[in-house]
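The sequence shown maps to residues -19 to -1, 1 to 267 in mature numbering (1 follows the signal peptide of the UniProt record, and there is no 0).
All C-beta atoms in this analysis are idealised placements derived from N, C-alpha and C, irrespective of residue type, glycine included.
Reading through the structure tokens given below for one structure.
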Amino acid sequence: MTSYFAIPILLFLFQNVSAQYSEAFSRNVIWPLAAGALRDDPQKCIESGTGDGKLRRKIELQCDILNETCSAYTAVSDSRMAIILSWRGSVGAYEIEMEALDILFGQQLTFPGGAKVADFFYNAFLKLWNAGIKDDFFTLQQKYPDYEIWVTGHSLGGAMAGLCAGYLKQMGFADPSKIRLITYGEPRTGDAQYSTLLNSLPYSYRVVHDNDWIPHVPFKNENYLHHGIEIYYPNNMTLGLPYTICVGNEDKSCSSGAPLFRLNFRDHTLYFGIELDNYLSRECKY
């Protein structure tokens, strides 16, 4: 565990991480891209995060038997030299509750390489991937072979973003050094082998706001373990407030140490000092 102003070399305790977390990049660039997946048209949020980014396509599908939907979009930014894959999280408290139940009592599926992951998230990811995200990604990758690949999402979207990044690596679809994964309020998604897979990515961060309860489902067990590196904000995340960097998967200095009785839904929808609904109404501007 280290604080945000500590000597950068401490980050290399996590041996495969080669780039330090940048709050400015996370707050001002990636978070708008993650939040934008919740809008019917993500374009304004893409512009807020990148300046010149252009939406290629957004896909929305039924992702479970309850007729709940999930979505993802692809975009590209020439100024940032980035291909963007953003996955949409939950849209309401009811859907989040059902996510938790599906993870806790649902089955796991085998991920490429042998890891076990929650069937709810993996099935949702594969539906969107095969519905057009895959085709868009390969088209953009062929056109922009030197661009980085930014993968992000909030809540359920964070789980699918992690699966996407791991899938790209395991399937050999992308150079891992080009993948930048940042998730927000992500639930536990897979087992220790899956956690190790995401930890092997050179740039992988999991941002958690204080007492956000979604990162605590399902409860940690042999089938579900968070991946690192965690960026934990034990405050309201307004600009200038400190955060803690935990290089271990379940370091008690970060969200895993939060008392269960303090966990709440509000912190799940309040990132970087602004309620998500307000942020979206402002077209992802502070």
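(Q) Measuring only the C-alpha atoms, how far is residue 104 from residue 82? (A) If I take the Cα positions, the gap works out to 15 Å.
Would DSSP call residue 116 helix, strand or coil? Residue 116 falls in the helix class under three-state DSSP.
> Quick one: what does DSSP say residue 194 is sitting in, helix, strand or coil?
Replying inline: Looking at residue 194 - three-state DSSP - the assignment turns out to be coil, as it is neither helix nor strand.
**Message:** When you compare the region 172 to 185 with the region 102 to 119, are there three or more beta-carbon pairs, one atom per stretch, that lie closer than 8 Å?
**Reply:** By the C-beta criterion, the region 172 to 185 is judged not to be in contact with the region 102 to 119, since fewer than 3 inter-stretch pairs fall below 8 Å.
If we count the other Cβ atoms within 10 Å of its Cβ and call it buried at 16 or more, is residue 253 buried or exposed? Burial call: buried.
* Hey, out of 140, 148, 128, 123, whose CA is closest to residue 111's CA? -> Taking only the C-alpha atoms, the option nearest residue 111 is 148.
Q.
Suppose you measure from the CA of residue 241 to the CA of residue 122; what does that come to, to the nearest Å?
A. C-alpha separation (whole angstroms): 43 Å.
Apply the 10 Å Cβ neighbour rule to residue 119 and answer buried if 16 or more other Cβ atoms are within range, or exposed otherwise. That one is exposed.
(Q) Per the DSSP calculation, residue 89 is bridged to which residue(s)? (A) In DSSP, residue 89 forms a bridge with 99.
Sequence-distant residues of its chain with Cβ nearer than 6 Å to residue 237 (five each side left out): Closer than 6 Å at Cβ, skipping near neighbours: 231.
Report task. Could you work out which residue in 88, 67, 50, 190 is closest to residue 143 when comparing CA atoms only? Result -> When the alpha-carbon of residue 143 is set against those of 88, 67, 50, 190, the nearest one is in 67.
Could you check whether residue 243 and residue 211 sit closer than 8 Å to each other, using their CB atoms as the reference points?
Cβ atoms of residue 211 and residue 243: not closer than 8 Å.
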